[in-house]
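Heads up: the structure comes next, in C-alpha cells.
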C-alpha cells in the first residue's frame, strides 16, 4: 500500500490516469485521415437543423426542471424560516408524525420524480432524434 504513495511512482501513475481521460489527444500514426473524416462528420451532425432543435429542447427541459427544483427548495427553506411552528404540527391528534416530515419527504421525492422524467425523456425522445440525425448524416456521407 505504501509503495503507491511514494513520490517516485507518482509520475507514472499520473501519466496513466491523464492518458485515459477523453479530452487528452493521443497521436497514433496512420489515423490522421480518419480523424479528419470523424471531425467532418461530427461537424455535419452538430450543424444539422434537427440536431440543433433537439439540443435546444433538451436544454430548455433541463434548465426548466432545474429551475422548478430550485424554486421548490427555496420555498421549502423560506417556509421553514417564516413559519417553523407549522412544521411541528402533528398530522393527527395525539400523533407523533408532524407535517414537516411529510413536506420534507415530498421535496425529496419530487426531486427524484423530476429527475426520472428527465432521464426517461432524454433516453427516449432525444436519443431517437439523435440517432435519426446520425443515420441521415452517415447515409449521406457514404453516397
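In our numbering, the protein residues as written are 16 to 158. Glycine residues also receive a C-beta, built at the ideal position from the N, C-alpha and C atoms. Nothing here was measured: the structure is a model prediction, and the numbers come from that model.
- Secondary-structure assignment with DSSP links residue 105 through a beta bridge to 113.
- For residue 77, the enclosing alpha helix (DSSP H) has its first and last residue at 64-97.
- By the neighbour-count definition (other C-beta atoms within 10 Å, threshold 16), residue 66 is a buried residue.
- Taking a cut-off of 8 Å on C-beta distances, the stretch 123-137 touches the stretch 84-99, as three or more cross pairs fall below it.
- If you check the CB distance, residue 60 and residue 149 come in under 9 Å.
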